[in-house]
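Just below is one structure, and these are the notes that go with it.
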Amino acid sequence: MMKIFSLHDFKLFAKPVFLVVLLMILTGCQQQKDIVGTTISSKKYETGEIVIPPQFDNAFPFHEGLAAVLFDGKWGFINKDGVYMIQPKYYYAESFHEGVAVVQIEKDGKWGFIDKYGKMTILPEYDFADSFHEGLARVEVGDKWGIINKQGKLVVRPVYDMLDSYYEGLSGYRLGDEWGFINRSGQVVIKSRERIFLRFHEGLAPFRDKRTMRMGFIDKHGAVVIAPIYSGVQMFQYGLAAICLVQYGKMGLINKDGKMVVDFRFDDIFPVYDELIPVRINKKWGYINQKGDWVIAPKYDAAFEFQHELAQVRVGELYGFIDKSGEMVLAPRFTLIYHDEFGEEIRFISESLIVVLIDNKWGYVSE
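The numbering of the sequence shown is our numbering, which starts it at 801 and goes up by one.
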């Protein structure tokens, strides 16, 4: 569950083959039902109010007012009243980002983009396409990757073996045995054959030295600011990054100066998304502050980051929600297990709604 970067994670820039294949397996060829305009009423379920009853074979969190859902073998989009705004007709669909959503029309078909009215804004002509980020999207043509803008124009020709989305104005690439970053114009600004890079966050990017296999951080000039001495690292968030050393067998936290803020004493540290950080010790999860002091004692079988002042925790096999005082505000009633290729295990709160799995169907409950 914990996102500590290792060699496996350098598949980061590859397309999410596993997730796409999994969703393809879940979709079928059943006849589509005309359910556009059907309003779904809410009711009570245990400790949470069901806003949209569980009826979907798959469902994504709401983003930009709409949620992608899988119904009867096809993907469509609903609003927060459960009304279909875009009828289920796609073989696969991603959430809306920057006003458009990437869709695949049919199995083994090409990928394109639609707006919130279902109008195709960028024709399906790519072997794979990812969501827009910072106004640009990565696309696959054949077995090479390039970048398009919102008009569908190629701004970076598809010549790369791997290409990441843009983060902080830079996109990570691999070309043969060379790794580096390009800017928004497609110019190479950092490159190396001795290092493998991950994306920038808070001005720093993790890298692995190919010779020593240790990890450190570079700045946007490519200068090493934290020496590669760690077995694994996370990206910086809130000015902190989790790190580990094999010889200690534990994890700690460093700041951007490379100084230890929390020493090596935890078995696992969830990525830092909030002032409270999920950590595991002696097989139980709890929460510490950014100084390493306990705020919520370790007593959960799994724990995740706070969003909207709530955090998902697992007790036994079921998930519930706690607030920042550790009080259980939504009792463990839900099965919220979800795996993508990077090991994410549950769906999160988004736009005040929580995606839940009840009786093998996905629905939405209020926060």
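From the three backbone atoms N, C-alpha and C, an ideal C-beta is built for every residue, glycine too.
It should be emphasised that the depicted structure is a prediction, and the values quoted were computed from it without experimental measurement.
With a threshold of 16 other CB atoms inside 10 Å of the CB of residue i, please say whether the residue is buried or exposed.
i	result
Gly912	buried
Asp1093	exposed
Val836	Any reading at Val836 must be qualified, since the residue scores a pLDDT of 29, below 50, and its modelled position is unreliable; the value itself is stated next. Looking at its Cβ environment, which holds fewer than 16 other Cβ atoms inside 10 Å, Val836 is exposed.
Arg993	exposed
Leu954	exposed
Ser985	exposed
Thr839	Below a pLDDT of 50, predicted positions are generally treated as unreliable, and Thr839, at 31, falls in that range; the measurement from the model is reported next regardless. Answer is exposed; the Cβ neighbour count stays below 16.
Gln987	exposed
Ala901	buried
Ser1125	exposed
Ala1041	buried
Val1072	buried
Asp943	exposed
Arg1065	exposed
Met1128	exposed
Looking only at DSSP bridge pairs, what is residue i linked to?
i	result
Asn858	Leu870
Gln904	Tyr892 and Trp911
Gln1112	Phe1121
Glu940	Phe928 and Trp945
Glu978	Leu975
Val1165	Ile850 and Ile1154
Pro958	DSSP lists no partner for Pro958.
Measuring alpha carbon to alpha carbon, tell me which residue in the options is nearest residue i.
i	options	result
Ile1043	Lys1050, Val1033 and Gln1037	Val1033
Asp1074	Lys1056, Lys1050, His1108 and Met1013	His1108
Leu1153	Asn858, Trp875, Asn879 and Phe856	Asn879
Ile1029	Gln1047, Asp930 and Tyr1038	Gln1047
Pro1098	Glu1105, Phe1106, Lys1091 and Gly1086	Gly1086
Gly1016	Phe862, Leu1110, Tyr1038 and Lys1059	Lys1059
Gly909	Arg1011, His897 and Ala929	Ala929
Phe860	Ala1005, Ala868 and Pro853	Ala868
Ser1031	Arg1011, Gly1022 and Gly1039	Arg1011
Glu978	Phe1007, Tyr892, Arg957 and Phe1000	Phe1007
Met1051	Gly873, Arg1014, Gly1039 and Asp1067	Asp1067
My assumption, with CB atoms under 8 angstroms, is that residue i sits in contact with residue j. Please give the rounded CB distance.
i	j	result
Lys916	Gly899	7 angstroms
Leu1076	Val1095	6 angstroms
Ser1166	Val959	Rounded, the Cβ-Cβ distance is 48 angstroms, inconsistent with contact.
Distance cutoff 8 angstroms, beta carbons only. Does residue i sit that close to anything in chain D?
i	result
Arg1011	No chain D is present in this structure, which holds just one protein chain.
Would you check if there are 3 or more beta carbon pairs closer than 8 angstroms linking the region 884-892 to the region 936-955?
no
Quick check: the region 1157-1166 against the region 1110-1118, are at least 3 beta-carbon pairs closer than 8 angstroms?
no
Just checking, does the region 959-967 make contact with the region 941-951 on the three C-beta pairs under 8 angstroms criterion?
yes
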